[in-house]
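Trainee: In my numbering, the protein residues as written are 3 to 137.
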Ligand code: NI
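1) Along the alpha helix (DSSP H) that carries residue 107, what are the first and last residues, could you check?
2) Residue 36 and residue 19: beta carbons closer than 8 Å?
3) Identify, in the order they occur along the chain, each residue of the same chain with its Cβ nearer than 7 Å to the Cβ of residue 42, setting aside the five sequence neighbours on each side.
4) Where do the N-terminal and C-terminal ends of the alpha helix (DSSP H) with residue 28 fall, by residue?
5) Tell me which residues share the same chain as residue 133 and place their Cβ nearer than 6 Å to its Cβ, disregarding the 5 neighbours each side in the sequence.
6) Counting only the same chain and skipping the five closest in sequence on each side, list residues whose C-beta sits under 6 Å from that of residue 100.
7) With DSSP as the reference, please indicate the residues paired to residue 123 in a beta bridge.
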């Protein structure tokens, strides 16, 4: 089994809160991330693909094709957007890094051939990183 990765970046605004909670509870749990006027992150996304190398091409997957799928499914959808306000994926879902990674995984999973295994690493900051492989 071999793995390849395509790295991409996007930036988005978000606010972490639950509309069904009081301001006090949202502030206690989400603190500054609950700022009503939103805040932004420069996200770094790694999409890891594993499978078998095609003996004819020597490729696991043509990274140009992977790049095009990520661009269409993820970057065009989330880059320079307010995740809470602009993106239906987060209308009912708090846009934490965990939930963003899970949404990205689902979108990529639907767009890619089932012969590949996928995992997602999402860097919300230099130090805060989420990994999701669908399990
Ligand atoms: Ni944040």
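Note that CB positions come from ideal geometry on N, CA and C, so glycine has one too.
Mentor: The relevant details are as follows:
1) For this step, residue 107 is matched to residue 105 along the chain shown. It spans 99–113 - the alpha helix (DSSP H) in which residue 107 sits, taken as one unbroken run.
2) Taking the chain shown and counting its residues from 1, the one referred to as residue 36 is at position 34. Taking the chain shown and counting its residues from 1, the one referred to as residue 19 is at position 17. Taking 8 Å as the Cβ cut-off, residue 36 and residue 19 qualify as a contacting pair.
3) Start at 1 with the first residue of the chain shown, and residue 42 comes out as number 40. Answer for residue 42: 13, 14 and 15, listed in chain order.
4) One-based indexing of the chain shown puts residue 28 at position 26. That run of the alpha helix (DSSP H) goes 25–32.
5) Stepping through the chain shown from its first residue, residue 133 is reached at position 131. In chain order, 123 place their CB closer than 6 Å to the CB of residue 133, counting only its own chain and leaving out the 5 sequence neighbours on each side.
6) Walking along the chain shown from the start, residue 100 turns up at place 98. If you ignore the 5 residues before and after residue 100, its C-beta comes within less than 6 Å of the C-beta of 132, all in its own chain and listed in chain order.
7) Against the chain shown, residue 123 aligns to sequence position 121. Paired residues: 48 and 133.
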